Amino acid sequence: MPALPPFDRSDATLIIRSSDFIDFRLHKETIILASSHFERILKTPPVSLSVDSLPQYDVPEDSETLDCLFRLIYPIGKPLIWDLRVVGKVIKAALKYEMKEVEMEMRDHLERLAVDGSRHSFISAKVPVYNEEGPDMGPDFSPGHQTLFITPPEPEGNLNRASDGCKYEIFDPATVVSSQYPPDIILQSSDDVQVKAHRIFLMMTSCIFSGLLHGVPRPRPNADAPPVIPLDIPGRFLSRLVALCYPVSGPSMDTIDDLVESVDIALKFELKFVHNMARRQIMRLVESEQDPLRVYYICIRFGWYEEARFIAQRFSVLWSVEKYYPEMEHVPAWAYFNLRQYHSRCRVLLSDMLHTCGRTLYSTENYVGFLESYHKLKDHTKSMESLVGRAIKDETLHFGTSDLICPSPPPTHRA
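Numbering follows UniProt numbering, in which position 298 of the sequence shown is assigned residue number 298; successive positions increment by one, without gaps.
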């Protein structure tokens, strides 16, 4: 199929066929003057001849790209290219075919378009070619405030092919609160700390907030300040609460204290996903905790009995159970009683094993002697830990945990 005028002239001396089978009838002298790359191509024998015996060369660019490219090197009116997707394709072709004049023309064209399409211009300058133009164009034509909750308006074209580094330069860092969608509610703590938020996230994550904010009037655009909702929690808890409700990486739970604080908030405002997330996280934190048995009481407090059993099996034998932890104030007495009973039975079991192996344990009250004997036995028994673990879990020896760490308080016997 012939190309649009003037690339359909009968006095042409060669044909360039696009990838979509459009024939551009061109003049060899014009092409050679504009492109040293085409000059080398035209020195090679053509792949085929056209119907009127003109040499024909096939190229991978489409007709849209070639039409703009050839109009820029012919002595005719320059095309007005407003589609930055096409600009990018023309730039790529100009560099490939070593068309210096076209490259300079497109450089100027990008600067003119930058005022109306700054981000597209920056991406076109960076992909695939103008690496030196991109950094200069970025600050001068910075985009509007982009935030996490706003989808960038250019999902196609060069943006998809841009590197992460290029996108990092052009987009501002995401923030929780969007300037385009301002907060529509203010939460106030018991110590007068105010935190602005978006009610949609609060109501979606918490049924408590859903009931609390239902019917609260929304502020009119550019008129009213958001309504203030008082809450009976401290300010440091309020900030964590709001952060937990947003669909982004929430506050850290890298320590036991952070985790307990988050779970307390989650239970009060019924954030079930936070409760489940903390339950998975606590087993990763117990190894780094200086007092692992403290975590045992935390698990009992929140009803995580499987985790409590594991911690008792893993740590209670070689740790003193007599130490006081503040978390004990929040759990029933049976949690402490069962742990002491379990601890005592495990020590008796270990004592019997040590005697059997010919290592006399001087006294179960001699804690240092107990540890020394235990570690000496480990030197002679490679599978000591697994052996102890199997024995502790062996119900036939009555050292199992099912009757020691209760999932619920023991039944009350009436007189």
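The beta carbon of each residue, even a glycine, is placed where N, CA and C say it ideally should be. Predicted, not measured: the structure shown is a model, and the values here were computed from it.
Ile200 has no beta-bridge partner at all, per DSSP. By the C-beta density criterion, Ala266 is buried, having at least 16 other C-beta atoms within 10 angstroms. With fewer than 16 other Cβ atoms from the protein chains shown falling within 10 Å of its own Cβ, Val47 counts as exposed. The DSSP assignment places 292 to 302 as complete runs of the alpha helix (DSSP H) inside the stretch 274 to 303, in order along the chain (cut-off: 4 residues).
Across the structure, Thr30 and Glu103 are spaced so that their CA atoms are roughly 17 Å apart.
Glu61 is not a Cβ neighbour of Ser35, given a cutoff of 9 Å. Only residues of its own chain outside the window of five on either side were considered, and among them Cys68, Val87, Val90 and His109 have a CB closer than 8 Å to the CB of Ile81, listed in chain order.
Counted as a single uninterrupted DSSP element, the beta strand (DSSP E) harbouring Leu14 occupies residues Leu14 to Arg17. Asp23 sits in a strand when the DSSP states are folded into three classes. Closest in C-alpha terms to Asp264, from the list Leu293, Glu327, Arg40 and Val193, comes Glu327. Closest option to Phe302, judged by alpha-carbon separation, among Lys196, Pro332 and Arg9: Pro332. In the three-state scheme derived from DSSP, where H, G and I count as helix and E and B as strand, Tyr324 is classed as coil. Ranking Ser288, Glu287, Asn338 and Glu329 by CA distance to the CA of Tyr305 puts Asn338 first. Where Val47 is concerned, there is no enclosing beta strand (DSSP E), because DSSP gives it neither an H nor an E. Per DSSP, Asp257 is not a residue of any beta strand (DSSP E); the alpha helix (DSSP H) it occupies stretches across Ile256 to Phe269. Using a 10 angstroms sphere on the CB of Ala335, the tally of other CB atoms reaches 16 or more, which defines it as buried.
C-alpha of Leu238 to C-alpha of Asp254: approximately 19 Å in a straight line.
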